[in-house]
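S.K.: Following this note's numbering, the numbering of the sequence shown begins with 1105 at its first residue and continues without gaps. Even glycine gets a Cβ: it sits at the ideal position worked out from N, Cα and C.
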Amino acid sequence: MSRGIDTLMRQHRDCDDALARLEDAARAGNWNQAAGALALLEAALEGNFNAEEARLFPAFEQATGIAGGPTAVMRREHDEVRALLANAREWLSLRDGNALAAEIDTLVVLLQQHNVKEENVLFPMCRTQVPDLDTVLAGIA
Ligand SMILES: [Fe+2]
């Protein structure tokens, strides 16, 4: 087992929780609460994405020599999530509850599929192929 990978998986759960809070606030039409929840979600996602993009993915790419494979797909999906967050922020500022709800629905599906791929495919590959994984991921929280 790797403590660093466990931390990344805990970050995924934290992001799910933050997203659920945003969903609840948006559904209730509570704009202030939704804005706070969106800010927390963005911070949680950026923390997780940065740890993966700056630490885990380069280590995987270096260890395997594969740069255009799973990590390229995961980076692209991170950017898709970032685009959805920007849209959500826009709908929130326009107080458009229906558009915000639709954006959140897309975000829920994309993020769930993304995290399943990381946890079931990429992380196990990293566990077996990246030497010194806990050093690579040291300091992430
Ligand atoms: Fe990711």
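Jot down the residue ranges of each uninterrupted alpha helix (DSSP H) in the stretch 1125 to 1157, minimum 4 residues, whole runs only, in chain order.
M.R.: 1135 to 1155
S.K.: Compute the beta-carbon to beta-carbon distance between LEU1204 and ALA1130, rounded to the nearest angstrom, for a pair I have assumed lies under 8 Å.
M.R.: 5 Å
S.K.: Quick test of the definition: if touching needs 3 or more C-beta pairs under 8 Å, does the stretch 1111 to 1118 touch the stretch 1227 to 1243?
M.R.: Cβ pair count under 8 Å is three or more, so yes.
S.K.: Assuming LEU1142 and LEU1196 form a contact by the criterion Cβ under 8 Å, report the distance between their Cβ atoms to the nearest whole angstrom.
M.R.: Right, their Cβ atoms sit about 6 Å apart.
S.K.: Use the C-beta contact count for ARG1159: other C-beta atoms within 10 angstroms, 16 or more gives buried, fewer gives exposed.
M.R.: Burial state of ARG1159 is buried, judged by a 10 Å Cβ sphere holding 16 or more other Cβ atoms.
S.K.: Say whether the stretch 1178 to 1189 touches the stretch 1151 to 1158, bearing in mind that this needs 3 or more beta-carbon pairs closer than 8 Å, one atom from each stretch.
M.R.: yes
S.K.: Less than 8 Å between the CB atoms is what I'm expecting for VAL1234 and ALA1163, so what's the real figure, rounded?
M.R.: 5 Å
S.K.: Quick one: Cα of ASN1134 to Cα of GLY1172, how far?
M.R.: 42 Å
S.K.: So what does DSSP say about PRO1228, is it helix, strand or coil?
M.R.: helix
S.K.: On the CB-based measure, 16 or more other CB atoms within 10 Å of its CB, does ALA1132 come out buried or exposed?
M.R.: exposed
S.K.: Classify ARG1186 as helix, strand or coil using the three-state DSSP reduction.
M.R.: helix
S.K.: Quick check: what's the CA-CA separation for ILE1170 versus GLN1137?
M.R.: 42 Å
S.K.: Under the rule that 16 or more other beta-carbon atoms within 10 Å means buried, what is GLU1207, buried or exposed?
M.R.: buried
S.K.: Using a threshold of 9 Å, state whether the C-beta atoms of GLU1146 and LEU1189 are closer than that.
M.R.: Yes, Cβ-Cβ distance for GLU1146 and LEU1189 is below 9 Å.
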